[in-house]
Amino acid sequence: MFSTVLPYLLSGVSVGGQYALIAIGYTMVYGILRLINFAHGDVFMVAGILMVYISASGVPLYISIPLVLALTAAIGFAIERVAYKPLRSAPRMSIMISAIGVSYTLQNLVLYITGGLNQFYPSIPFISDTVTIGGASTRMVTIVTPILTLVLVVALVMLINHTKIGMAMRAVSKDFETSRLMGIKINSVISVTFVIGSFLAGVGSILYFTNYSTVIQTSGSMPGLKAFVAAVFGGIGSVPGAVVGAFIIGICENLLKGLDTILIKAGIITKTFGFTTFSDAFTFALLIIILIVKPTGLFGEKQIDKV
Amino acid sequence: MKKILAVVLALALVVSFSAAAMAENIVKIGVFEPASGDSGAGGKQETLGIQYANSVQPTVDIGGQTYTVQLVTADNGSSADKAPSAAQQLVSEGVSVVLGSYGSGVSMAGSPYFADAGIPAIGISCTNPGVTADNTHYFRICFLDPFQGTVLANYAYKTLGVTKAYCLAELGNEYDVGLCHYFVEAFEALGGTVVSSDTFPTGNSDFTSYINTATALGAEVLFAPCSIAYSTQIISQANALNVTFPLLGGDTWDSNKVIEAAKGTNVKIYIDTFYQEGGNPEFDTGFKAWLNANPDMLTNNGGNDMVAAVSAMGYDAYFVALEALKAAGTTDSKAVNTALWNVDYQGVSGEIKFAVPGDAVRSVAYIKTANTTTGAWDFVTVQSVD
Amino acid sequence: MNSAILKPRKRIDRSTMITIGIIIAIYMLAFGLEQVIPASSMIFTVLKKGATYALVAVSMNLLNGFTGLFSLGQAGFMLIGAYTYAIFTVPVANRLSVYRYYDGGVIQFTLPLLLAIVLAGVVAAFFAFLIGLPVLRLKSDYLAIATLGFAEIIRAIFQWDKLGVVTNGSNLLREFPNFNSFNVKDANGNVTLYLSTLIPFLIAGVCILLIVMIINSSYGRAFKAIRDDEVAAEAMGINLARHKMIAFCASSFFAGIGGAMLAMYQNSVQAKSFTTAMTYEILLIVVIGGIGSVTGSCLSSFLFVACSEWWLRFLDQQQTINGWQVPLLRSGFRLVVFSLIIMAVVLFFRQGIMGSRELSDLFKNRWNKPSRKGGVKP
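As given, the protein sequences belong to chains A, B and C, one line each in that order. Throughout the first sequence, residue numbering follows the working numbering, covering 648 to 954 in sequence. Throughout the second sequence, residue numbering follows the working numbering, covering 1051 to 1436 in sequence. Throughout the third sequence, residue numbering follows the working numbering, covering 1224 to 1601 in sequence.
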């Protein structure tokens, strides 16, 4: 029984860690700007494309990886300055639509550059290697991902709780106007948020695409949506919540893909039901359920509506 | 105001197009292929075959006059919702005959537009029976899924000697689901068992769970006739999971992208296809020389000069279209449609002759295997249904 | 947002007369063009798809612009409408071939065309009612993401192999009547009267007229009150849950009809194509037209479709002017330019084409013009 479930669990933990790294970007931006940054999944995809092109030009990995992360952070910064900053006083719907516009633009730019074809992600030694755990083969990245995710999250939580910029971030997310009155440079706090979020998405993209090997312009939308669902699930605005949510969603999704097999092996059913059809839909069903039962998510703070 | 402006612009466009067409003897052939999306890579290779054929034979004699062939391309984006406007674009440009498409779903989505305009279409590698069923304007030069599914099931059961298969198809993809259906039918008729037939959602990139399922259910072969975008990922993930069973693919797998992904892995891959490189050396060398002379084309072919079966098929389709134009003696699309029924053409991929409902008579498929050391396709056998 | 809508008027004034005149002229033009220009012209593709998108955009505007409910489930409701229409209109004789893997499917009858179109709306509205019960309690962003998720779930359900006997699973539904079936033909099958463009215009027109009537009714005023201030609206005695539900169902009803029209335009239906990208496209149309303007949504949907399907197509092909090869032009460039235009509109013309004005406002005397700036409050 356990040996049947284990491979799915491993896949789930691995994909969950990658969703977590994307979800942090969503949850931080939402915490501060109350904006669903629909373009975040595409930033993640662009990081993958950058890696493809940079390594194709013959740059060694120890340069290309930091370069990709730096460029991704810069893209996040630029997007905020160009597309969100001018709309700061506009209605919230406008800025969300701007995010959709950015997502559309990034996808089309990549479509144009790549010609709409799958690009092979360069294989990174060590994390691409195959290992065997408890009889199940998997890639090293499966083990590296959760560890790296946890290290980065702990570092991030430390940053938020124990540094000046972290304090400013917390203040801004509590009350935008008041923190502005208190002399916090709102714009730089927001920029830092975007830089951190995009950087983590960049790390996530390296892990994700090492595992799944090809990048195309739409690669970012589904992981992006699921990461967002994870952020909502965990309680949007909460970093630990996003991470827990991401792992839950990653694991559930993969277990569902294997549910037919697990049930057959356990002798509960004899014919397949085609549950795999719902592996994406299930994520959203989970979201709707959690929103109805506990609208603020697992770790979300209760918000008071102001008139 | 803007609407009026739109109408004026429309009229201007229509007038200018018709004026251009009258200037010299030009016959337009529509190329209805995906240049983007999941099937983009395959569509581009198929288009290359057509373009090469056009460079070999740029003119055609119709009714005693020499016409220059002009290829009009429209990108159907590998999706059934983009196909209608691409088809309409070809229709509005006044093409006499349409070639394509790679992918059965888009062909079926575009089909009614060609039917309404009375334009015949020649499918190149769309293998789903639905493409030519119930109509008289869609033809195809390749074999069909019931045939292909049976060939693969026969090969798996009789030659590979496996009795348990696992099928994997993309959800919402007419081609994948259809081919799996026929494979299952044939495989079970032979006495094999299909342990499970799963579908994955579009855009999925995590295949490890499906491969794990195949292992857990004791499959001896994994049949996944999906687009290149997914097959490459299945190969690399199957390799990471150290699978012992072979992977079995359909005609879409015959691509240098797939072999690129397979190179250096320990996965056994068997596919069936329409044409084997070396089948017509004259075509192979000509095509390679043409590709190498043209950096853009080489990129479209996936970066090297390997001959894809769909390129050979595209080449043949172009000449079939020319034959029909010659026989019709006019560029009128309805006459070309009628003439197509009587075309008998010896192409690089074999003899092409259409039977009701418009399918070429094909009785064999080529089985190839991926040589993971050299990174090339090795010919295995010619497989027929019996 | 403006006086023309807020005040019920007894007397038909000059601006309304001009508006009605323009609308009649557009219909006559659509009818006339079709008889003159060859049916293969791209203009008809644009007009048919434009009419379809106009209806869907207006239905989305009813919810997002007039009621202030940010829903992203439009593609899901269109999918339901498209499938309902297709399932009930595929001729019985063709079912065996369409439902190839399901032995012809379980439904062995067809409904009259108009009934099927209305049913498409009704089924979509019914699903909207079911989903609305739980999700309408959610606030803005949460509602958006919940409806978006719902659309994804619907897509998976319709593709499920086990429901294939009804929905044809992953396979295309096709061979149902399309817009061309409305053309009047003589005994030889030659078209004597083209109606294939006028019909979508009529369907969309009637539906949009109904939406405008809803907006101008007491329900519409309640919707706008909810949009402007939920708490105040509730204090005034407006039943929030009930009115939100009405707006949601009405919007979905028309989105379903829009879906049926899309099915007729495309000639085939596949659940795969009703993605969130489609919802985003419609949302962008609404924004470009002006949130809260029916006229704007209609105008921008025609512009949007014309740009994406037709006018910008030349950007995808290599062009040479006087021997000079224009750089950058190749497949996909059209979409880059297009998305940059959209970004420019979103950033610099936030009011869109029409703001919250309507066609009739354009012909009002200057002093009657609403001086307040339009726009939707968060």
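Beta carbons: idealized from backbone N, C-alpha and C, even for Gly.
query: Taking the alpha helix (DSSP H) that A/V676 belongs to, which residues open and close that run?; result: F649 to L680
query: Contact between the stretch 1337-1347 of chain C and the stretch 1480-1496 of chain C: three or more CB pairs below 8 Å?; result: yes
query: Run through the stretch 1204-1258 of chain B for me and flag every whole beta strand (DSSP E) of 3 or more residues, listed as ranges in chain order.; result: 1214-1220 and 1243-1250
query: Under the assumption that A/A889 contacts A/A746 (Cβ atoms under 8 Å), give the Cβ distance between them as a whole number of angstroms.; result: About 18 Å; that fails the 8 Å criterion.
query: In angstroms, rounded to a whole number, what distance separates the CA positions of C/R1323 and C/L1396?; result: 10 Å
query: Between B/D1346 and chain A, is any beta-carbon pair separated by less than 8 Å?; result: no
query: Pick helix, strand or coil for B/T1116, following the three-state DSSP scheme.; result: strand
query: Among residues of its own chain, excluding the 5 on either side of A/Q766, which ones have a beta-carbon nearer than 6 Å to its beta-carbon?; result: V699 and V862
query: Looking at chain A, is there any beta carbon in it that lies within less than 8 Å of the beta carbon of C/P1357?; result: yes
query: Note down, in chain order, every chain C residue with its Cβ under 7 Å from the Cβ of B/S1105.; result: Correct list: empty, because the minimum Cβ distance to chain C is about 16 Å.
query: For C/Y1547, count the other beta carbons within 10 Å of its own beta carbon; 16 or more makes it buried, fewer makes it exposed. Which is it?; result: Note that residue 1547 of chain C is Trp in the sequence shown, not Tyr. C/W1547 is exposed by the Cβ-count criterion.
query: Taking a cut of 8 Å between CB atoms, which residues from the stretch 1374-1388 of chain C lie near chain B?; result: A1379, Q1382 and D1384
query: Using a beta-carbon distance below 8 Å, is B/V1234 in contact with chain C?; result: no
query: What does C/L1506 touch in chain A if you count any residue whose Cβ is under 7 Å from its own?; result: I744 and I747
query: Using a Cβ-Cβ distance cut-off of 8 Å, determine whether B/A1070 contacts chain C.; result: Unreliable placement is indicated for B/A1070, whose pLDDT of 48 sits below 50; no coordinate value is reported for it.
query: Between B/L1240, B/G1241, B/D1248 and B/G1242, which lies nearest to B/C1230 when the distance is taken from Cα to Cα?; result: B/D1248
query: DSSP on B/N1421, reduced to helix/strand/coil?; result: strand
query: Give me, in chain order, the residues of the same chain whose beta-carbon lies closer than 6 Å to that of B/C1276; leave out the 5 immediate sequence neighbours on both sides.; result: E1220 and D1226
query: When you compare only the Cα positions, how much space is there between A/I935 and C/N1406?; result: 45 Å
query: Could you say which of B/G1253, B/S1255, B/N1204 and B/T1263 lies nearest to B/F1237 if we only look at CA atoms?; result: B/N1204
query: In chain B, which residues lie with their C-beta within 7 Å of the C-beta of A/L764?; result: G1090 and A1091
query: Taking 8 Å as the CB-CB limit, is C/A1458 close to chain A?; result: no
query: Taking only beta-carbon positions, decide if A/T613 is within less than 8 Å of chain B.; result: Here chain A comprises residues numbered 648 to 954, so residue 613 of chain A is not present and cannot be evaluated.
query: Just to make sure I have the definition right: I need the residues of chain C whose C-beta is within less than 8 Å of the C-beta of B/H1231. Which are they?; result: Y1324
query: With a cut-off of 8 Å, does the C-beta of A/T792 fall near any C-beta of chain C?; result: no
query: For the candidate residues C/I1514, C/A1369 and C/G1387, whose alpha-carbon lies nearest to that of C/G1575?; result: C/I1514
query: Do you know how far the Cα of C/N1317 is from the Cα of C/G1327?; result: 8 Å
query: Strictly by DSSP, which residues pair up with B/W1427?; result: B/A1420
query: Thinking A/Q665 and A/V757 are a contact (beta carbons under 8 Å), I'd like their distance in whole angstroms, please.; result: Not really, about 19 Å apart at Cβ, beyond 8 Å.
query: According to the neighbour-count rule (16 or more other Cβ atoms, all chains shown, within 10 Å of its Cβ), is B/K1132 buried or exposed?; result: buried
query: Would a C-beta distance cut-off of 8 Å place A/A877 and A/I896 closer than the cut-off?; result: yes
query: With DSSP as the reference, label B/Y1320 as helix, strand or coil.; result: strand
query: Tell me, please, whether the CB atom of A/L758 is closer than 8 Å to any CB atom in chain B?; result: yes
query: Between C/G1412, C/S1523 and C/F1402, which lies nearest to C/L1421 when the distance is taken from Cα to Cα?; result: C/F1402
query: Would you say B/Q1396 faces chain C, with C-beta separation under 8 Å as the test?; result: no
query: Pairing CB atoms from the stretch 914-925 of chain A with CB atoms from the stretch 675-688 of chain A, are three or more of them under 8 Å?; result: no
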